[in-house]
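Take any residue in the sequence shown, note its place counting from 1, add 50, and you have its number in this note's numbering. Beta carbons are placed, not taken as given, at the ideal position from N, Cα and C, and that holds for glycine. Written out below as structure tokens is the structure these notes cover.
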Amino acid sequence: MRPPSIYVRALQVLLALQALLIASPITTLDNLLTSPRALGAQMARSDLAATALATAPLVISLVPVVLVLIAVAVQQRSSGSLIAAGVFSLIGLAAASVPVLSDASFAANALHGIPLGLAALGALGLTLRLWAQRTRDKQPPRLGRRATAAIVAGVVVLAGLGAAGSTIPSAPVSGLLTTDLDFSTNEPTATFEAGLPAQNPFLAPNPDSNIHHDGAMSDAYFDRGVLDPRKAEVIRRHLGGVCASIMTDSHGRLIAVCWRRLACRMSPTSSTSRTTSRRIQRSCR
């Protein structure tokens with residue numbers, strides 16, 4: 051096999067750059083170590099649909115890993131490695147250019163989104179440039195098989211630990227780097243002086259009607275204690291589109307506050323959704 055050309059080296063650099071830009075390395079490591087344990091805890095305590103939704107952080111964290119593996123594999127210029135480089139570069143371009151994806155992924159688009167888009171475009175151009183030089187490697191893809199086996203084995207082991215454990219899985223890497231949140235030196239259940247949040251004028255006062263304590267969604271919880279995450283027991287973990295904050299407004303109408311991009315307002319007499327958006331109406335059915 052011929053030594054890698056300057057185009058192959060450039061493609062490898064751009065793929066590795068995408069792996070660094072599409073997600074924070076710290077977040078990727080935390081998700082790789084925490085998501086399988088959370089998935090195991092979910093499987094042991096919840097329904098299948100909620101478990102399927104809980105796999106999203108794990109799948110997302112695998113994208114940078116796959117980009118690095120592709121960067122190593124493209125030096126052979128095989129058809130499969132070049133196709134994978136093109137597909138995942140398209141994923142990187144979509145993450146940088148689609149507003150819904152970029153807004154959810156990047157706090158500073160100029161620092162991450164724009165460089166990611168340029169790296170993805172460059173990788174796509176080099177992939178097309180190298181396609182005419184592709185090789186037909188008849189040897190088995192040992193790198194891909196070994197990496198897949200290692201990832202599957204790691205997920206199974208960590209998921210088993212999560213299912214057998216009784217505490218909330220925490221992010222180990224960011225926990226080590228965030229010294230000001232070190233629970234060994236701070237008391238998470240300690241009280242502090244604070245004033246009651248102002249009541250939302252458009253909602254009826256009922257702090258126990260939702261998961262955010264009050265109508266202003268302050269998460270203050272003045273009427274209950276704070277759980278120590280080191281001792282908190284996992285009962286149920288659900289990451290679906292549940293509208294858990296059910297309350298009434300000042301006119302007695304039943305409404306729900308949801309964390310997803312939908313806002314279903316239910317009629318208290320007919321139990322039908324009342325909204326002006328057709329897209330939201332389809333989501334509420």
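Simplified DSSP state of residue 337, which is helix, strand or coil: An answer regarding residue 337 cannot be provided, because it is not within the stretch 51 to 335 covered by the chain.
Buried or exposed (CB count within 10 angstroms, at least 16 for buried), residue 206: Exposed, since its Cβ has fewer than 16 Cβ neighbours within 10 Å.
Continuous alpha helix (DSSP H) stretch holding residue 192: start and end: 192 to 214
Alpha-carbon spacing of residue 135 relative to residue 124, whole angstroms: 8 Å
Test item: CB-CB of residue 119 and residue 193 under 8 Å: yes
For residue 55, three-class secondary structure by DSSP: coil
Buried or exposed by the 16-neighbour rule on C-beta atoms within 10 Å, applied to residue 111: buried
Residue 63 versus residue 198 - alpha carbon distance: 23 Å
Cα-Cα separation, residue 202 to residue 86: Taking the straight line from one Cα to the other gives about 10 Å.
Residue 300 (DSSP reduced to helix, strand or coil): coil
Within 8 Å, strictly: CB atoms of residue 186 and residue 129: yes
Proximity of residue 210 and residue 90 at Cβ, strictly below 8 Å: yes
8 Å Cβ cutoff met for residue 174 and residue 57: no
Contact belief for residue 165 with residue 71 at Cβ below 8 Å, rounded distance in angstroms: 6 Å
Counted within 10 angstroms of its Cβ, other Cβ atoms place residue 183 as buried (16 or more) or exposed: Residue 183 should be labelled exposed.
Where residue 75 falls, given that 16 or more other Cβ within 10 Å makes a residue buried: Classification for residue 75: exposed.
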